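Oh and the sequence shown: position 74 is 74 in full-length UniProt numbering, straight run, nothing missing. All residues carry an ideal CB built from backbone N, CA and C; glycine is no exception. The structure presented is a predicted model; accordingly, all values stated were derived computationally and were not measured.
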Amino acid sequence: MNEQEKFPTTLHARAEAMGLRRRAVWRKGIGLVLTYAVLLAILIFAVFPFLWTLAIAITDKKAAGISIYDFPRSLLPPAVTLGNFVEVFEKLRLGKYLLNSVVITGLTVAGTLIVSALAAYPLARLRFPGKNLIFGAIIATLVLPTETSFIVNVLTLNKLHLLGTYWGVVLPIVATAFGIFLMRQAYLAIPSTLMEAARIDGASEMQILWRIMIPLSRPSLTALGIFTLVGTWNAYFWPSVALLTNEELLPLSVAILKLKGQFNYDTFNVAAGAILMMIPVLLVFLLAQRLFMRGLEGAVKG
């Protein structure tokens, strides 16, 4: 084949390659547009309730003609005030309930991290009969709603005289299937050669757990801690049941409904209380979000 015969073929190949590249760029562009559209929709659904609650919380309830359901005008209050937050502090004795939330959340986070770290280690790294069966049974409890066990928990706590105490709220919820699963996956991602070297040096299993596994699993521990903190801080059902006989120990998430009167519902004060309740969780997440994401990545890889 001479050069003149090769030239059209080369042009055709180049044109075909350029067409393929254009189609690839077009498909990539469409994919990016769809991806950002979905992410934007998720962002709107996630952020909009917070923005609306914030708008209600800073709205002067004495402003004439304002209604929280008058959207979108309610997102731009005609008169901004911090008076609703002041009323929450005065009516609710916020400091006492905030302290209760801190104590209950702190005990629950610490207990969950300890129980999950200890329970996950033998399921991940030790060999014993029935290990997979036990782990499967633990994971199976994830499909059960937590409310299904509250009657048994209440009866048990009543016999132990723990109803109406901090421990009555904390003890039934520190052992979680999700926490054990997350830590097990983190342990599986750690090279077994480190454990073998430690055993050769005479380290016990507890020393291996404390000096090798837990330090290397710190991101997963952080992720589990944040999950537990958010869930416990915002919990309503179980604290309201366990502390039914002692309202002085109610956390903020339950006590905030005391802003609701018997025959009226002060939406502005409730919104202000909800914003105050969100702030600690948002601060913790913003400060620890990098470790949180690393913990989730480690769990997926494991």
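Pull up the CB-CB distance for residue i and residue j, whole angstroms please, since I reckon it's below 8 Å.
i      : j      : result
Phe150 : Val241 : 6 Å
Ala57  : Phe268 : 7 Å
Leu182 : Ala223 : 7 Å
Ala271 : Thr53  : 5 Å
Tyr166 : Ile256 : About 19 Å; that fails the 8 Å criterion.
Leu157 : Leu163 : 5 Å
Ala274 : Ile180 : Actually they are not in contact, since the Cβ atoms of Ala274 and Ile180 sit about 32 Å apart, beyond 8 Å.
Phe85  : Leu259 : Phe85 to Leu259, Cβ: 12 Å. No contact.
Arg184 : Ala124 : 4 Å
Ile226 : Val284 : 7 Å
Leu221 : Leu113 : 6 Å
Pro77  : Ala55  : 6 Å
Leu51  : Leu75  : 7 Å
Leu250 : Asn100 : 6 Å
Ile139 : Ala177 : 6 Å
Would you say residue i and residue j are within 8 Å of each other, going by their C-beta atoms?
i      : j      : result
Pro280 : Trp210 : no
Ile208 : Ala198 : yes
Leu243 : Leu98  : no
Tyr187 : Met206 : no
Thr108 : Val174 : yes
Val88  : Leu82  : no
Asp60  : Val47  : no
Phe237 : Glu147 : yes
How about residue i: is its C-beta nearer than 8 Å to some C-beta of chain B?
i      : result
Thr165 : Protein chains in the displayed structure number just one, and chain B is not present.
Can you pull the DSSP bridge partners for residue i?
i     : result
Thr59 : Val80
Measuring from the CB of residue i, is there a heavy atom of the ligand COA at a distance below 7 Å?
i      : result
Asp201 : With respect to small molecules bound, the structure shown includes none, and the ligand COA cannot be examined in it.
4-residue-minimum alpha helix (DSSP H) runs that sit fully inside the region 189-264, ordered along the chain: 192-200, 205-208, 218-233, 237-242, 252-255
Ordered list of alpha helix (DSSP H) runs contained in the region 92-155, each at least 4 residues: 94-125, 131-140
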